[in-house]
Amino acid sequence: MKSETNSSPPVRPAAPGRVGEPEEATGDEAALALLDAGLALMVAAPGRRPRVADIVAAAGLSNDAFYRFFASKDALVEAIVERGARTVVGYVRHRMARASDGGPEARLRAGIEAALRQASAEDLARQTRAVLSNATGHTPRAAHVTVALVDALAALFAQPAAELGAGDPMRAARTTAGGVVAALQYWSFTEEAPGRVETEHLVGFLLAGVRAPDCRRR
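Note that numbering that gives the first Met the number 0 has the sequence shown beginning at 0, numbered continuously upward.
This is the structure we're talking about:
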């Protein structure tokens, strides 16, 4: 039986990358099949990390194919977590761009609501739960994805925060992003879907925080 590590250096797929950057097409169907299979198994059994044997069986590939792209199961998990976070950021960016004619509040509201949709839509919520549960300490790199997700969302929120008069736009944007990610984690781990009332309350609360006077000590 082949071990879950491999001494030869793997060929990394293009999918793993910085969370705030658009995903590049890997061009390799085998790598994508492994990523998709790993995510599907995580969704099917929340809290349980799939074995390499299960992943390659679900993808219809061999162990050798797995180790051509990933040095270990942890490397695959890291890639899945990073890809999931990039998907969230890409969707938020898309929704904010669509709201560009409505002014800074409309853009920021659209971004917050887009991120929260990851916990309210049933199919997305299952994937979000799987991604976040594997981004909370299983591997050092995966654990950093949560921080990277907050930073990437903050980068999108900073400009509308500035236009809304935030005294420190980046700080306001990072606080807003942190609140969004914390809410996603809460709703994902409790397996509760936020209703419209909960979503509206959080959106209103975060928008009010962006507009709050600069409270830094002078």
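Here a beta-carbon is modelled for each residue, glycine too, at the ideal position from N, C-alpha and C.
All figures in this text were calculated on a predicted structure; none of them were measured in a lab.
Span of the alpha helix (DSSP H) around Asp-122: Here the alpha helix (DSSP H) through Asp-122 covers 121–132.
CB-CB length for Phe-65 against Val-51, believed under 8 angstroms: So it is a contact: roughly 6 angstroms between Cβ atoms.
According to DSSP, is Ser-187 helix, strand or coil? In the structure shown, Ser-187 falls within a helical segment according to DSSP collapsed to helix, strand and coil.
Start-end ranges of the beta strand (DSSP E) lying completely within the region 190–214, minimum 3 residues: If only complete runs of 3 or more residues are kept, the region 190–214 shows no beta strand (DSSP E) anywhere.
With three or more C-beta pairs closer than 8 angstroms as the rule, is the region 153–168 touching the region 91–111? Touching, yes, given that three or more Cβ pairs across the two stretches are closer than 8 angstroms.
Integer Cβ distance of Ala-182 from Leu-131, believed to fall under 8 angstroms: About 11 angstroms separates the Cβ atoms of Ala-182 and Leu-131, ruling out a contact at the 8 angstroms cut-off.
Under a three-way DSSP split, which group does Ser-61 fall into? The answer is coil: DSSP assigns Ser-61 none of H, G, I, E or B.
Look at the alpha carbon of Gly-194 and the alpha carbon of Trp-186, and state the distance between them as a whole number of angstroms. About 11 angstroms.
Leaving aside the five residues before and after His-93 along the sequence, list all residues of the same chain whose C-beta is less than 8 angstroms from its C-beta, in chain order. Closer than 8 angstroms at Cβ, skipping near neighbours: Ala-113.
Excluding the 5 residues preceding and the 5 following Gln-126 in the sequence, name in chain order all residues of the same chain whose CB lies nearer than 7 angstroms to its CB. Taken in chain order, the residues that qualify are Leu-38, Val-42, Gly-83.
Buried or exposed: where does Pro-168 fall if 16 or more other Cβ atoms within 10 Å of its Cβ makes it buried? By the 10 Å Cβ count, Pro-168 comes out buried.
Can you give me the C-alpha to C-alpha distance between Asp-122 and Ala-36, rounded to a whole angstrom? It is roughly 16 angstroms from the alpha-carbon of Asp-122 to the alpha-carbon of Ala-36.
Start-to-end residues for the alpha helix (DSSP H) that takes in Leu-163: From DSSP, Leu-163 is part of no alpha helix (DSSP H); its letter is neither H nor E.
C-beta atoms of Val-180 and Leu-148 nearer than 7 angstroms: Result yes, Cβ atoms of Val-180 and Leu-148 sit closer than 7 angstroms.
Alpha-carbon spacing of Ala-29 relative to Ala-161, whole angstroms: Straight-line Cα distance between these residues: approximately 44 angstroms.
With a 10 Å radius around its C-beta and 16 neighbouring C-beta atoms as the bar for buried, classify Pro-49 as buried or exposed. Classification of Pro-49: buried, given that the 10 Å Cβ count is 16 or more.
C-beta atoms of Ala-98 and Arg-106 nearer than 7 angstroms: Contact check for Ala-98 against Arg-106 passes: the beta carbons are separated by less than 7 angstroms.
Name the residue from Glu-191, Leu-152, Val-80, Gly-178 whose alpha carbon lies nearest to the alpha carbon of Gly-89. When the alpha-carbon of Gly-89 is set against those of Glu-191, Leu-152, Val-80, Gly-178, the nearest one is in Leu-152.
Figure out for me which residue from Leu-60, Ser-71, Ala-211 has the closest Cα to the Cα of Leu-163. Looking at Leu-60, Ser-71, Ala-211, the one whose alpha-carbon comes closest to that of Leu-163 is Ala-211.
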